[in-house]
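Engineer: What follows is a single structure, and I will ask about it in a moment.
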Ligand code: MD6
Ligand code: FE
C-alpha cells in the first residue's frame, strides 16, 4: 500500500484563490497524451512573435473556440489559426473534464473553458513575469497542466515587484488561480536540459481559460 498516494493529490494553497495540485493530471495522462499527439500532428506548434517584434521562446498551438495568439498587432484571442486561417478544433472531453475537476478542487464550480493554449518548451525556453488579462471574464479561473520536463513556476502578486514564490512543477501537476489571484503576476524560469520518458526534451503546458 502506498501511504503517500493520497498526499500526492493534496491541494497546496499558493495565494488567495490559487492552489497547486501535485500529480492531479496523472490518472488522465495516457488519454491526454494521445489527444495532444494527435492534435499537434494536425496543428503543429508555431513560434509566435511578441508585439515588440521578438520571437517567443515557446512554440504554441491551441484548441477551443478561441486560440491565444501573439503578433505585431498585439496579444489576444483569435478564432482562427494564423498559419492557416482555419478555426481551431474543439477541446477534447478528457481535457475539459480534467480542467473542470481541477477547478472544482480549487473551489471553482462548473468551469467551462473555451480556450486551451498549448505551450511547448525546450531547454532554455522561459516565460517572463506577466498577468493574464486578455480575457473578458475575470470571475473564471485559469487552469494550467504541466507535462514532461519539470519547470520552476514563478507565482508573484498583484504588483510586478511583489516577491514571487518558486514552485517546482512536475509532470502531471496542475495549478489553478482565480479570485483575488486571477491577475497575479506569474512566469516560468528557463527549462533545464533533461530527458523525460514521455516527452523527451520537452515541457508541454496546457493553459485553460474562459476567454470570452
Ligand atoms: C506556461 N503560460 O506556459 C504559462 N499566459 O506554463 C502562461 O502563463 C501564458 O503562455 C498568458 C498567455 C500565454 C501564456
Ligand atoms: Fe500567463
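Numbering (the numbering used here), first residue to last: 12 to 223. Even for Gly, the Cβ is constructed at its ideal location relative to N, Cα and C.
#1: If the criterion is Cβ atoms closer than 8 angstroms, does the pair residue 181 and residue 157 meet it?
#2: Quick check on the contact list: which residues have their beta carbon closer than 6 angstroms to a heavy atom of the ligand ATP?
#3: Go through its chain and collect everything with a Cβ distance to residue 113's Cβ below 7 angstroms, but skip five positions before and after it.
#4: Sort 44, 202, 109 and 172 by Cα distance to residue 163 and report the nearest one.
#5: Evaluate residue 214 with the Cβ neighbour count: other Cβ atoms within 10 Å of its Cβ, from every protein chain shown; 16 or more gives buried, anything less gives exposed.
#6: Would the C-beta of residue 65 count as close to the ligand FE, meaning under 7 angstroms from any of its heavy atoms?
#7: Measure the alpha-carbon distance for residue 82 versus residue 123 and round it to whole angstroms.
#8: To the nearest angstrom, report how far apart residue 119 and residue 55 are at their CA atoms.
#9: Which same chain residues, not among the five before or five after residue 132, have their C-beta less than 6 angstroms away from its C-beta?
#10: With a threshold of 7 angstroms (Cβ to nearest heavy atom), would residue 141 be considered close to the ligand FE?
#11: Figure out for me which residue from 121, 111, 108 and 60 has the closest Cα to the Cα of residue 93.
#12: Going by DSSP, what residue range makes up the alpha helix (DSSP H) through residue 150?
#13: Run through the segment 170 to 194 for me and flag every whole beta strand (DSSP E) of 3 or more residues, listed as ranges in chain order.
#14: Please look up how many angstroms separate the CB atoms of residue 197 and residue 172, rounded, as I've assumed it's under 8 angstroms.
#15: Once you ignore the five residues that flank residue 191 on each side, which residues in its own chain have a CB closer than 7 angstroms to its CB?
#16: What separation, rounded to the nearest whole angstrom, lies between the Cα atoms of residue 161 and residue 39?
Structural biologist: Looking at the atomic coordinates:
#1: yes
#2: With respect to small molecules bound, the structure shown includes the ligand MD6 and the ligand FE and not the ligand ATP.
#3: 32, 35, 154, 185 and 187
#4: 202
#5: buried
#6: no
#7: 27 angstroms
#8: 32 angstroms
#9: 69, 202 and 214
#10: yes
#11: 60
#12: Looking at the DSSP string, residue 150 is not in any alpha helix (DSSP H), and its letter there is neither H nor E.
#13: 176 to 180 and 185 to 188
#14: 14 angstroms between Cβ atoms; not a contact.
#15: 27 and 28
#16: 18 angstroms
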